[in-house]
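Notes follow the structure.
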Amino acid sequence: METVLHFLTAFAGLHFGKYVYISNGLPWKQAQNFCRIHFTDLSPITSLSEEDLLKNVTAGIVRGRFWTGLHWNKTHWKWSGGYTGNIPAGIVGVHHSGKQSATFNPYLKVWSAENTRTELPFLCINLVNGEMRKSWEEALESCRQNHTSLTTLTSEAEFVQVKRKIRQDHITDRVWIGLRFLRNRWMWMSRDPLVYQTHPEASQDHQCPATGRCGALNKQGLLENWDCQDKLNFICS
Numbered sequence: 001m002e003t004v005l006h007f008l009t010a011f012a013g014l015h016f017g018k019y020v021y022i023s024n025g026l027p028w029k030q031a032q033n034f035c036r037i038h039f040t041d042l043s044p045i046t047s048l049s050e051e052d053l054l055k056n057v058t059a060g061i062v063r064g065r066f067w068t069g070l071h072w073n074k075t076h077w078k079w080s081g082g083y084t085g086n087i088p089a090g091i092v093g094v095h096h097s098g099k100q101s102a103t104f105n106p107y108l109k110v111w112s113a114e115n116t117r118t119e120l121p122f123l124c125i126n127l128v129n130g131e132m133r134k135s136w137e138e139a140l141e142s143c144r145q146n147h148t149s150l151t152t153l154t155s156e157a158e159f160v161q162v163k164r165k166i167r168q169d170h171i172t173d174r175v176w177i178g179l180r181f182l183r184n185r186w187m188w189m190s191r192d193p194l195v196y197q198t199h200p201e202a203s204q205d206h207q208c209p210a211t212g213r214c215g216a217l218n219k220q221g222l223l224e225n226w227d228c229q230d231k232l233n234f235i236c237s
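Counting along the sequence shown from 1, when you hit position 197 you're at 197 in the UniProt record's numbering, and nothing is skipped either side.
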């Protein structure tokens, strides 16, 4: 019993919004399995703004490097989940032979390649499916009470992870995400603008909405302009 409690405590993780930092070291593949069982996946970090955010929220807590979802797939880098874009420049130590994955040091903002068998701390991304159908406002409030907010899709890697979460949880209808039409434009609740080219297959019927419209994502991976009062499942992060 004592051993089980020690394991659960050691791998409880530190939560930074949608990110969960696990300080106990595992090889990359085991870290990926752990994230997929207990959270969503090993985390992508696909922009300088995400790097800056992680540096700020982990300041004084995390000073070393950790595994991310980025790994070498024989001929190219790929994020856990399958996305191959937004690969960081200047990854240190790349040798393009053998099994390697990428680590990130938020304190130094440095990416480096490492043998996948090396045991390192790791960063999971945690997306949560709301258990009850709610209106968009109710879903937002529920997410803020229990997590951070309705999820935002500001990178294609996050888009891939949310679609994977929908399939994983066998959601058959559209879901609310953190997108709303405010001040005559679509905005994420993170205040980031909607960038259409981030989602090349997205539906365009959400570009000219009436008032009281919110953003939903259907199971085909298309963004939809939807009535905010309709009750849908939702994804928090």
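We put the beta carbon where it would ideally sit given N, CA and C, even for glycine.
Between I177 and L217 a beta carbon distance of about 5 Å is seen, short of the 8 Å cut, so the two are scored as contacting.
Our two residues, S112 and F66, have alpha carbons roughly 10 Å apart in a direct line. According to the DSSP assignment, F104 belongs to the beta strand (DSSP E) that extends over Q100 to N105. Spanning the alpha carbons of L108 and P88 requires a straight line of approximately 14 Å. Here the C-alpha atom of M189 lies approximately 14 Å from the C-alpha atom of H147. For H95, there is no enclosing beta strand (DSSP E), as DSSP marks it with neither H nor E.
Beta-bridge pairing by DSSP links Y19 to F16 and I125. Its Cα nearest to that of H71, the residue A102 stands out among F16, Y21, I37 and A102.
Burial of Q100 is indicated by the presence of at least 16 other C-beta atoms within 10 angstroms of its C-beta. Taking the CA atoms as reference points, R167 sits about 15 Å from G82. The shortest C-alpha to C-alpha distance from P121 to any of K219, S142, F34 and R180 is the one to F34.
With respect to the 8 Å criterion, R213 and D230 are not classified as neighbours on the basis of their beta carbons.
Within the DSSP bridge table, the entry for C228 names no partner. The beta carbons of L42 and Q32 sit closer together than 8 Å.
Looking only at S23, I91 and T152, the smallest Cα-Cα distance to I61 is reached by S23. Spatial neighbours of K163 in its own chain (CB-CB distance under 6 Å, excluding positions within 5 residues in sequence) are listed in chain order as G221. Among the bridge pairs identified by DSSP, I235 is matched with N129.
Under the three-state reduction of DSSP output, V62 falls in the coil class, being neither helix nor strand.
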